[in-house]
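Everything below concerns the one structure shown next.
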Amino acid sequence: MAEVLKVAMPKGRIYKKASALFRAAGLPIPLDVDETRKLVIPLPEAGMEFILAKPVDVPTYVEYGVADIGIVGKDVLMEEKKDVYELLDLGIARCRMSVIALPDWTPGIRQRVATKYPNVASQYFREQGQQVEVVKLNGSIELAPLIGLADRIVDMVETGQTLRENGLVELNSIFEITSRLIANRVSYRMKNAEIQQLCDRLQQVINAGAQL
Ligand code: PRP
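Be aware that the sequence shown starts at 37, since it is given in my numbering, and climbs by one per residue.
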């Protein structure tokens with residue numbers, strides 16, 4: 037008998053696209069699963085159980101094995117550096133990690149950078165040979181240069197609307213972000229048939245270029 041796959045799914049902007057991808061791959065996932073307050077959703081017909089998690093926590097659930105697999109943005113994977121397998125680029129929730137500032141920004145000595153991604157930002161500026169002080173924030177990062185907390189920010193840009201509405205400009209892009217399928221190392225061996233079958237089905241949908 038096939039084993040149930042425990043799937044850590046990110047609540048919020050990725051969820052709808054990820055569940056649409058699963059549906060396109062033939063898995064019977066109901067539409068409104070993320071609109072309840074329920075956090076553990078048994079999906080026996082799909083042979084799965086969804087664990088609805090904060091996106092930043094998905095790699096932690098997978099690393100500890102309480103979820104066999106998970107879906108998470110490359111931004112979180114780069115920041116969290118957890119010990120998990122990255123199995124598949126799902127090609128959804130495409131955006132980029134960028135350095136952003138006010139249009140009149142000029143380079144200076146030991147500037148301050150605000151971000152939700154302190155590890156990503158520190159590594160980037162170290163590689164650039166720039167000394168910066170990194171300040172961790174948890175959201176609305178664009179506020180920081182507007183009110184003088186930071187000279188620059190490192191943040192995700194998707195449509196660019198947040199930047200435009202706040203009069204900020206993208207100085208440069210650091211890397212492209214898409215959602216990834218990740219797996220726990222032990223689960224990948226113990227539930228290999230189920231995980232491989234899911235990967236194959238998802239890969240077919242990705243190859244077919246379904247617009248989600
Ligand atoms: C993200 C990100 C930017 C915005 C980019 O914020 O931090 O602020 O989306 O998207 P856009 O280019 O399409 O405008 P999110 O909505 O996750 O909220 P947060 O500011 O609380 O992190």
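Glycine included, each C-beta is placed from N, C-alpha and C at the ideal position.
Predicted model, so just to flag it, every value in this text is computed and none were measured.
- Judged by DSSP in its simplified three-state form, Glu39 adopts coil rather than helix or strand.
- The alpha-carbon of Gln164 is positioned some 18 Å away from that of Glu212.
- The residue from Gln167, Val168, Pro154 and Gln159 with its alpha-carbon nearest to that of Gly175 is Pro154.
- In this structure, the C-beta of Met192 approaches the ligand PRP to less than 8 Å from one of its heavy atoms.
- Partner residues in the beta bridge of Phe211, as assigned by DSSP, are Met133.
- Contact between the region 115 to 131 and the region 215 to 222 is present: three or more C-beta pairs spanning the two stretches fall below 8 Å.
- Relative to the ligand PRP, the beta carbon of Leu199 is positioned inside 8 Å of a heavy atom.
- Counting along the chain, Thr96 sits inside the alpha helix (DSSP H) bounded by residues Val94 to Tyr100.
- Cβ neighbours of Val108 within its own chain (closer than 7 Å, five residues either side excluded): Pro46, Pro91, Val94, Pro95, Ser215, Arg216 and Ile218.
- Counting along the chain, Arg73 sits inside no alpha helix (DSSP H), nor does DSSP assign it H or E at all.
- Under the DSSP definition of a beta bridge, Val205 partners with Ala137.
- Annotation for Glu122: the continuous beta strand (DSSP E) segment containing it runs Tyr121 to Asp125.
- Taking 8 Å as the cut-off, one finds no heavy atom of the ligand PRP near enough to the beta carbon of Glu212.
- Taking each of Glu206, Phe58 and Thr198 in turn and checking the Cα distance to Gln240, the smallest one comes out for Phe58.
- For Gln164, there is no enclosing beta strand (DSSP E), since its DSSP letter is neither H nor E.
- Here DSSP, grouped into helix, strand and coil, assigns Pro91 to helix.
- Comparing C-alpha distances from Arg132 to each of Ala38, Thr151 and Ile210 shows the shortest one belongs to Ile210.
- In this structure, the CA atom of Val69 is about 45 Å from the CA atom of Gln166.
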